[in-house]
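Below is one structure, written out as structure tokens; comments come after it.
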Amino acid sequence: MARSDGHSSRAGGGCQRPSGGPVTMTTVHVTYWRDIPVLVTARDEREEVSVPLSPAFQELVDRVAVQEGLEDADAYLAEWRVGSDESHPGPAATVACAVAEALAAELEPLRARYLGAPRPAESS
């Protein structure tokens with residue numbers, strides 16, 4: 006979704022791969038709650054694009070916060086951080102989507118670490 010301030014925001018499923026054009030370098034960083042990624046932000050010389058990860062990541066953040074008794078807003082907010090900038094070739098939209106897709110694979114290991122192994126499905 007294009008915004009008038011030169012920034013774009015794309016929901017997890019809204020990533021599209023632009024075709025052609027010169028190779029550009031993009032700076033990307035990830036916003037985390039502890040080590041749980043929630044948002045990918047990428048900037049090239051033309052635009053800044055933010056790609057939120059699936060709602061399951063935010064749900065994990067919320068479950069862990071409740072599980073650990075972080076009822077105080079300040080304690081919850083203190084756990085948020087922005088990761089280091091990394092450079093990747095390609096336009097911001099392409100890079101943001103690629104990083105978001107790679108991070109999506111981390112969901113189940115993060116769930117297992119914070120919430121324990123998933124329960125086996127009950128047989129009927």
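Positions in the sequence shown are counted from 1; adding 5 to them yields this note's numbering.
Just so you know, even glycine gets a beta-carbon here, dropped at the ideal spot from N, CA and C.
With DSSP as the reference, label residue i as helix, strand or coil.
| i | result |
| --- | --- |
| residue 114 | helix |
| residue 60 | helix |
| residue 28 | coil |
| residue 48 | strand |
| residue 76 | coil |
Using C-beta distances below 6 Å, list every residue in its chain close to residue i, excluding the 5 sequence neighbours before and after it, in chain order.
| i | result |
| --- | --- |
| residue 36 | 43, 44 and 87 |
| residue 90 | 32 and 34 |
Identify which residue in the options has its Cα closest to the Cα of residue i.
| i | options | result |
| --- | --- | --- |
| residue 34 | 72, 93, 77 and 69 | 93 |
| residue 114 | 55, 71 and 40 | 40 |
| residue 121 | 50, 28 and 72 | 72 |
| residue 46 | 101, 70, 30 and 38 | 101 |
Between residue i and the rest of its own chain, which residues show a CB-CB distance below 7 Å, the 5 nearest in sequence each way excluded?
| i | result |
| --- | --- |
| residue 63 | 43 |
Taking the straight line between their C-alpha atoms, what separation do you get for residue i and residue j?
| i | j | result |
| --- | --- | --- |
| residue 61 | residue 68 | 10 Å |
| residue 32 | residue 105 | 14 Å |
Round the Cβ separation of residue i and residue j to the nearest angstrom and send it over; I've been treating them as touching at under 8 Å.
| i | j | result |
| --- | --- | --- |
| residue 119 | residue 65 | 7 Å |
| residue 59 | residue 109 | 7 Å |
| residue 29 | residue 52 | No, residue 29 and residue 52 are not in contact; Cβ-Cβ is about 11 Å, not under 8 Å. |
| residue 54 | residue 97 | 4 Å |
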